[in-house]
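What follows is a short report on a single structure.
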Amino acid sequence: MPDVMWLMAALGFGFFAYLLYTRQFKWLFSVIRNMVVGVGGILGVNFMLSGMGVAVGVNAVTALIVGLLGLPGFLLLYATQLLI
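Under the numbering used here, residue 1512 is the last one in the sequence shown; the count climbs by one each step, no gaps.
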């Protein structure tokens, strides 16, 4: 199973490098902006929902999900947290 994870990481890095090469830095800055806004949103929603026991962890993976997917990624994180 770890071999599959290395393969997925290599494919993800290759896809990221391809996007960075073809779309230049405009795409990268857009993802970074979405990550910063998304982490702020996660912290705000976690604060509001802390009484209900619903919280999404703030880490590199969740920041990257929100950075790449935007609002749908943000909603996806909370939907999976509610289902689990």
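Even for Gly, the Cβ is constructed at its ideal location relative to N, Cα and C. No experiment lies behind these values; they were computed from the predicted model shown.
Burial state of residue i, where buried means 16 or more other Cβ atoms lie within 10 Å
i, result
"Ala-1491", "buried"
"Leu-1505", "buried"
Spatially closest choice to residue i from the options, by CA coordinates
i, options, result
"Asn-1487", "Leu-1456, Gly-1481, Leu-1471 and Leu-1497", "Leu-1471"
"Leu-1499", "Arg-1461, Phe-1475, Phe-1443 and Thr-1450", "Arg-1461"
Nonlocal neighbours in the same chain, by C-beta distance under 8 Å from residue i, ignoring five residues either side
i, result
"Leu-1477", "Ala-1483"
"Leu-1448", "Trp-1455 and Leu-1456"
Element boundaries [alpha helix (DSSP H), containing residue i]
i, result
"Ile-1493", "1488-1497"
Close-in-space but distant-in-sequence residues of the same chain around residue i (CB under 7 Å, 5 per side omitted)
i, result
"Leu-1496", "Val-1459"
Own chain residues within Cβ distance below 6 Å of residue i, not counting five before or after
i, result
"Ile-1493", "Gly-1501"
"Met-1463", "Ala-1491 and Gly-1495"
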